[in-house]
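A.B. asks:
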Amino acid sequence: MTIKRFFPLRLALVVWTALALWLDMGAAAVSAHAETISVQRASLQADNNGWSLDAHFDFDLNSALEEAVNRSVPLYFTVDFMLSRPRWYWLDEEPVNASQSIRLSYQPLTNEYRVSTGGLQLRFASLAEALAVIKHVTSWHVIDRNQVHGGETYDASVRMQLDIALMPKPFQIDAVNNRDWNLSSDWKRFSFTATERAK
Numbered sequence: 048m049t050i051k052r053f054f055p056l057r058l059a060l061v062v063w064t065a066l067a068l069w070l071d072m073g074a075a076a077v078s079a080h081a082e083t084i085s086v087q088r089a090s091l092q093a094d095n096n097g098w099s100l101d102a103h104f105d106f107d108l109n110s111a112l113e114e115a116v117n118r119s120v121p122l123y124f125t126v127d128f129m130l131s132r133p134r135w136y137w138l139d140e141e142p143v144n145a146s147q148s149i150r151l152s153y154q155p156l157t158n159e160y161r162v163s164t165g166g167l168q169l170r171f172a173s174l175a176e177a178l179a180v181i182k183h184v185t186s187w188h189v190i191d192r193n194q195v196h197g198g199e200t201y202d203a204s205v206r207m208q209l210d211i212a213l214m215p216k217p218f219q220i221d222a223v224n225n226r227d228w229n230l231s232s233d234w235k236r237f238s239f240t241a242t243e244r245a246k
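Numbering (the working numbering), first residue to last: 48 to 246.
1) If you draw a straight line from the alpha carbon of residue 99 to that of residue 93, how long is it in whole angstroms?
2) Please report the straight-line C-alpha distance between residue 186 and residue 102, rounded to a whole angstrom.
3) Under DSSP, the beta strand (DSSP E) around residue 117 begins and ends at which residues?
4) If we count Cβ pairs, one from each stretch, closer than 8 Å, do we get three or more for the region 137–145 versus the region 228–237?
5) Is the region 154–166 in contact with the region 130–141, if contact means three or more CB pairs nearer than 8 Å?
6) Between residue 128 and residue 189, how many whole angstroms is the CB-CB distance? I'm expecting something under 8 Å.
7) Would you tell me roughly how many angstroms separate the C-alpha atoms of residue 217 and residue 125, rounded to the nearest one?
8) Taking the C-alpha atoms as reference points, what is the distance between residue 240 and residue 176?
9) From residue 149 to residue 91, what does the alpha carbon distance come to, in whole angstroms?
10) Could you tell me which residues DSSP pairs with residue 182 in its beta bridges?
11) Would you report the Cα separation of residue 243 and residue 191, rounded to the nearest angstrom?
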């Protein structure tokens, strides 16, 4: 009688232990594949026509993304910037919503990496050098003076993500269901007070 009761109990214990181990391994696998970008710092600096964004991001390319680049598959990183101001009587004011895409590519004939944004293209001898430039967004003009009210405080937000939508079509299909291609940051939020124009 005692043996009959002990066996099912022991079997249940083994099953629960195996299930717990399987869940732990699954969680570890998910965290290993959940690549993220962190926003180290972000600030707005006055320029001739308004304000420019300086932001520093930190991330590493996993082996799948690094292999893709070295096989001449271009990667696109999109930086998004938003400026908003809460209004108790209506919807939040959103005077600025801007995006900038940065293209990372490899040219096997010249054995060099290229970083392109807008009309600017830079060339590098190593992937590490190219990534160092992508991680540091500097002097990106995001706010015109006529878009904000002097003396008002706004909520500024910035993020970076690997933009799958800009990739060649065949790779978009594979990337949608592949965790290795998930690379993004949360929104980094900070306050910004528009200074009055000097008279």
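Note that beta-carbon positions come from the ideal geometry of N, C-alpha and C, so glycine has one too.
C.D. replies: According to the structure shown:
1) As a position in the sequence shown, residue 99 is number 52, starting the count at 1. As a position in the sequence shown, residue 93 is number 46, starting the count at 1. Cα-Cα distance, rounded: 6 Å.
2) In the sequence shown, residue 186 corresponds to position 139, counting from 1. In the sequence shown, residue 102 corresponds to position 55, counting from 1. Going from the Cα of residue 186 to the Cα of residue 102 covers about 9 Å.
3) Taking the first residue of the sequence shown as 1, we reach residue 117 at position 70. From DSSP, residue 117 is part of no beta strand (DSSP E) but of the alpha helix (DSSP H) over 110–117.
4) no
5) no
6) If you number the sequence shown from 1, residue 128 lands on position 81. If you number the sequence shown from 1, residue 189 lands on position 142. So it is a contact: roughly 5 Å between Cβ atoms.
7) Locating residue 217 in the sequence shown gives position 170, where the first residue counts as 1. Locating residue 125 in the sequence shown gives position 78, where the first residue counts as 1. Rounded to the nearest angstrom, the two C-alpha atoms are 20 Å apart.
8) Your numbering for residue 240 matches position 193 in the sequence shown. Your numbering for residue 176 matches position 129 in the sequence shown. Going by the C-alpha atoms only, they are around 34 Å apart.
9) On the sequence shown, position 102 is the one that residue 149 refers to. On the sequence shown, position 44 is the one that residue 91 refers to. For residue 149 and residue 91, the distance between alpha carbons rounds to 20 Å.
10) Position 135 of the sequence shown, counted from the start, is the residue given in the question as residue 182. Note: residue 182 sits in no beta bridge, so no partner.
11) By one-based count along the sequence shown, residue 243 stands at place 196. By one-based count along the sequence shown, residue 191 stands at place 144. Between residue 243 and residue 191, the C-alpha separation is close to 13 Å.
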